[in-house]
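J.: Dumping the structure here so I can ask a few things about it.
Numbering (this note's numbering), first residue to last: 7 to 542.
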């Protein structure tokens, strides 16, 4: 999306009856793509059978194709199709022209009004001031007519011309027919207008200009005029709401667990987690959505979080310029909370309009059954491009789904990964996690040498879905020494978090971890380890 969030336009859904004849199989734990009837992946920019005409524009483009999954397009010029390159060139020219003519913030409605009336636009506040001054002048004139002061004689042999009617806004000056060039006020052109840190004047040659413009073009299916107006509206919105300075504000003191940035996916996209279950807390809910003022503060905090995520992006051609959104619906309040629906709708609309193509994929996890019915009603209101970025996962498939897109060392432990907050033992620099599959009804061991005396071996391990027997031992190199039981055998349940353990040796040996999978289904084992010397 364009910037998408969890429950889009829920207020529309709540007003419509639930579809009780949903085709979704409620008994299956599967990852569901929104476009259920599309089962074959196709390129996102492949032509469909239906095409729309973009009259008046030279660079009309085919509709975005229905696709079972979204594939992020390249921003490299060499990878663009001919019509995409042509549209990009046209948009660059339009942006260059309006910036150099100081018209980037011009209001098209005001321009039309000037053409119709021949008068400069007047703001509502200014018009009130003009009306007030006129009323005071009228009252003063009536008072002067009733005074007993002598009238000044006026020569009547030559009729005075009637005063010329002027309809200028307060502070506006009439344009002289023949202005003196030496007295003309020069137009100040701001050539430093930028968006997300990228200068927008194409002739400046900023490296990220094409990446930014392509976001608006793709959001409007490469219709140049539509993309240009979207860009212009975004700049106005940011200026009016002072978005460029939003990172300096202190917002959302109580909302740190509602949404946050944490880690990267396998392609380098920053990952944003949205946790709706925290709003089960009625006190937090009322503190966040209780009044219109609080809802506006929530929206501003959400835009600030988006800006924080964008700071981690690379707008160079070929760089990572979008986010991965994870929306956790576990214990979500659901559609009954009107205030949450309203705030969500506002957030979705503003994020879509002002942050185009900033979400590479939106994964919904711990999806309750009721959400599928609402999604079926919601689907017609979303573009195919937006729907192609959606994935849904039931609770039993959360870890499996996340691991397809995010490496285990970047998936939080509460979702079945190995990432812990403020971890002093492991970091990204320690390298990737090792993994293998253990067949059903079989037993596997992991052996980690610990040859140096006085060192501490630290390890992490998890098994997808667990339901296995697990034990840890230290086996000395000297056959005459006794084996030490580090963790006696125990049954690991499905909801158990990953194991973190350590052992300091007094003699050379090895740690042996045994995993017994008595189930019929194969299991994925993920682990990592490192040796810490006594000095560390």
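We put the CB at the ideal spot given by N, CA and C, even for glycine. Please read all numbers here as calculations on a predicted model, not as lab measurements.
1. Exposed or buried, what is residue 234 when buried is set at 16 or more other beta-carbons lying within 10 Å of its beta-carbon?
2. With a threshold of 16 other CB atoms inside 10 Å of the CB of residue 276, please say whether the residue is buried or exposed.
3. Give every residue of the same chain whose Cβ lies closer than 6 angstroms to the Cβ of residue 232, excluding the five residues on either side of it in the sequence, and list them in chain order.
4. Please return the same chain residues whose Cβ sits closer than 6 angstroms to the Cβ of residue 367, not counting the five positions on each side in sequence.
5. Could you check what DSSP says for residue 533 in three-state terms: helix, strand or coil?
6. Can you give me the C-alpha to C-alpha distance between residue 205 and residue 258, rounded to a whole angstrom?
7. Scan the stretch 269 to 310 and note each continuous beta strand (DSSP E) run of 3 residues or more that stays entirely inside, going in chain order.
8. Decide if residue 353 is buried, meaning its Cβ has at least 16 other Cβ atoms within 10 Å, or exposed.
9. Just list the beta strand (DSSP E) runs in the stretch 412 to 500, keeping only unbroken ones of 3 residues or longer that don't cross its boundaries, in chain order.
10. Could you give the distance in angstroms between the alpha-carbon of residue 373 and the alpha-carbon of residue 268?
11. Please list the terminal residues of the continuous beta strand (DSSP E) segment that includes residue 396.
12. Measuring only the C-alpha atoms, how far is residue 310 from residue 243?
13. Please name the residue or residues paired with residue 505 in a DSSP beta bridge.
14. Does the distance from the CB of residue 532 to the CB of residue 431 come in under 9 angstroms?
15. Can the beta-carbon of residue 418 be found less than 9 angstroms from the beta-carbon of residue 410?
16. Could you give the uninterrupted runs of the alpha helix (DSSP H) lying entirely in the stretch 340 to 389, keeping only those of 4 residues or more?
17. In terms of DSSP beta bridges, what is residue 331 paired with?
18. Could you check whether residue 305 and residue 261 sit closer than 9 angstroms to each other, using their CB atoms as the reference points?
19. Can we say the stretch 469 to 488 touches the stretch 504 to 517, given the rule of at least three CB pairs closer than 8 angstroms?
20. Short check: CB of residue 317 to CB of residue 217, under 9 angstroms?
21. Quick one: residues in its chain with C-beta nearer than 6 angstroms to the C-beta of residue 414, no 5 flanking neighbours on either side, listed in chain order?
22. Less than 9 angstroms between the C-beta atoms of residue 371 and residue 404, yes or no?
23. Please name the residue, chosen from 247, 421, 392, that lies closest to residue 406 on a Cα-to-Cα basis.
24. Mark residue 345 as exposed unless 16 or more other C-beta atoms lie within 10 angstroms of its C-beta, in which case mark it buried.
25. What did DSSP end up calling residue 538 once you bin it into helix, strand or coil?
26. Inspect the CB distances between the stretch 491 to 499 and the stretch 452 to 467 and report whether three or more fall short of 8 angstroms.
27. Enumerate in chain order the residues of its own chain whose CB-to-CB distance from residue 519 is below 7 angstroms, with the five nearest sequence positions on each side excluded.
28. Would the beta-carbon of residue 461 fall within 9 angstroms of that of residue 537?
29. Buried or exposed: residue 294, going by 16 or more other Cβ atoms within 10 Å of its Cβ?
30. Suppose you measure from the CA of residue 363 to the CA of residue 222; what does that come to, to the nearest Å?
31. By how many angstroms is the C-alpha of residue 376 removed from the C-alpha of residue 298?
32. Determine which residues share a DSSP beta bridge with residue 211 and list them.
33. Leaving aside the five residues before and after residue 212 along the sequence, list all residues of the same chain whose C-beta is less than 6 angstroms from its C-beta, in chain order.
34. Whose C-beta lies closer than 6 angstroms to the C-beta of residue 100 among residues of the same chain, with five residues either side of it excluded?
35. Helix, strand or coil: which one does DSSP assign to residue 521?
36. I think residue 339 touches residue 285, with their Cβ atoms under 8 angstroms apart; what is that distance to the nearest whole Å?
T.: Let's see:
1. Within the chain shown, the letter at position 228 stands for residue 234. By the neighbour-count rule (16 or more Cβ atoms within 10 Å), residue 234 is buried.
2. On the chain shown, position 270 is the one that residue 276 refers to. The residue is buried, with at least 16 neighbouring Cβ atoms inside 10 Å.
3. Against the chain shown, residue 232 aligns to sequence position 226. Counting only Cβ-Cβ distances below 6 angstroms, and skipping sequence neighbours, we find 226.
4. Within the chain shown, residue 367 is the residue found at index 361, counting from 1. Around residue 367: 330, 395.
5. As a position in the chain shown, residue 533 is number 527, starting the count at 1. Residue 533 sits in a strand when the DSSP states are folded into three classes.
6. Indexing the chain shown from 1 puts residue 205 at position 199. Indexing the chain shown from 1 puts residue 258 at position 252. Between residue 205 and residue 258, the C-alpha separation is close to 30 angstroms.
7. 276 to 281, all fully within the stretch 269 to 310.
8. Position 347 of the chain shown, counted from the first residue, corresponds to residue 353. Result: buried.
9. Within the stretch 412 to 500, the complete beta strand (DSSP E) segments of 3 residues or longer fall at 440 to 444, 448 to 456, 462 to 469, 474 to 482, 490 to 498, listed in chain order.
10. Within the chain shown, residue 373 is the residue found at index 367, counting from 1. Within the chain shown, residue 268 is the residue found at index 262, counting from 1. Near 21 angstroms, if we compare the C-alpha coordinates of residue 268 and residue 373.
11. Residue numbering aside, residue 396 sits at position 390 when the chain shown is read from its first letter. Annotation: the continuous beta strand (DSSP E) that includes residue 396 extends over 396 to 399.
12. On the chain shown, residue 310 is found 304 positions in, with the first residue counted as 1. On the chain shown, residue 243 is found 237 positions in, with the first residue counted as 1. Between the C-alpha atoms of residue 310 and residue 243 there is a straight-line separation of about 14 angstroms.
13. If you number the chain shown from 1, residue 505 lands on position 499. Bridge partners of residue 505 according to DSSP: 467.
14. Here the question's residue 532 lines up with position 526 in the chain shown. Here the question's residue 431 lines up with position 425 in the chain shown. Contact check for residue 532 against residue 431 fails: the beta carbons are separated by 9 angstroms or more.
15. One-based indexing of the chain shown puts residue 418 at position 412. One-based indexing of the chain shown puts residue 410 at position 404. Contact flag unset, no.
16. DSSP runs (the alpha helix (DSSP H)) wholly in the stretch 340 to 389: 344 to 360, 375 to 384.
17. By 1-based counting over the chain shown, the position of residue 331 is 325. 278, 368.
18. Your numbering for residue 261 matches position 255 in the chain shown. Your numbering for residue 305 matches position 299 in the chain shown. When the beta-carbon positions are compared, residue 261 and residue 305 stay at least 9 angstroms from each other.
19. The way I'd put it, the stretch 469 to 488 does touch the stretch 504 to 517; three or more beta-carbon pairs between them come closer than 8 angstroms.
20. Along the chain shown, read from residue 1 onward, the residue named residue 317 stands at position 311. Along the chain shown, read from residue 1 onward, the residue named residue 217 stands at position 211. No.
21. By one-based count along the chain shown, residue 414 stands at place 408. Closer than 6 angstroms at the Cβ level, and outside the excluded window around residue 414, lie 423, 424, 439, 532.
22. Working through the chain shown from its first residue, we reach residue 371 at position 365. Working through the chain shown from its first residue, we reach residue 404 at position 398. For the 9 angstroms CB-CB criterion, residue 371 and residue 404 form a contact.
23. As a working note, residue 406 is residue 400 in the chain shown. Taking each of 247, 421, 392 in turn and checking the Cα distance to residue 406, the smallest one comes out for 421.
24. Position 339 of the chain shown, counted from the first residue, corresponds to residue 345. Label assigned to residue 345: buried.
25. Taking the first residue of the chain shown as 1, we reach residue 538 at position 532. Note: residue 538 maps to strand in three-state DSSP.
26. Contact between the stretch 491 to 499 and the stretch 452 to 467 is absent, with fewer than three C-beta pairs closer than 8 angstroms.
27. In the chain shown, the residue the question calls residue 519 occupies position 513. For residue 519, where only same-chain residues beyond five positions count, the Cβ hits under 7 angstroms are 451, 452, 467, 478.
28. For the purposes of this step, residue 461 is taken as residue 455 along the chain shown, with counting starting at 1. For the purposes of this step, residue 537 is taken as residue 531 along the chain shown, with counting starting at 1. In this structure, residue 461 places its C-beta atom within 9 angstroms of the C-beta atom of residue 537.
29. In the chain shown, the residue the question calls residue 294 occupies position 288. Taking all protein chains shown into account, residue 294 has 16 or more neighbouring C-beta atoms within 10 Å of its C-beta and is therefore buried.
30. As a position in the chain shown, residue 363 is number 357, starting the count at 1. As a position in the chain shown, residue 222 is number 216, starting the count at 1. Cα to Cα, the separation comes out at about 8 angstroms.
31. For this step, residue 298 is matched to residue 292 along the chain shown. For this step, residue 376 is matched to residue 370 along the chain shown. Rounded to the nearest whole angstrom, the C-alpha separation of residue 298 and residue 376 is 28 angstroms.
32. By one-based count along the chain shown, residue 211 stands at place 205. According to DSSP, which records beta bridges pairwise, residue 211 is partnered with nothing at all.
33. The residue labelled residue 212 in the question sits at position 206 within the chain shown. Result list for residue 212: 204, 205, in chain order.
34. Taking the chain shown and counting its residues from 1, the one referred to as residue 100 is at position 94. Within its own chain, the residues whose Cβ lies closer than 6 angstroms to the Cβ of residue 100, once the five positions on either side in sequence are excluded, are 234, listed in chain order.
35. Along the chain shown, one-based indexing puts residue 521 at 515. Secondary structure at residue 521: strand, using DSSP grouped into helix, strand and coil.
36. Along the chain shown, one-based indexing puts residue 339 at 333. Along the chain shown, one-based indexing puts residue 285 at 279. Contact holds; Cβ gap of about 5 angstroms.
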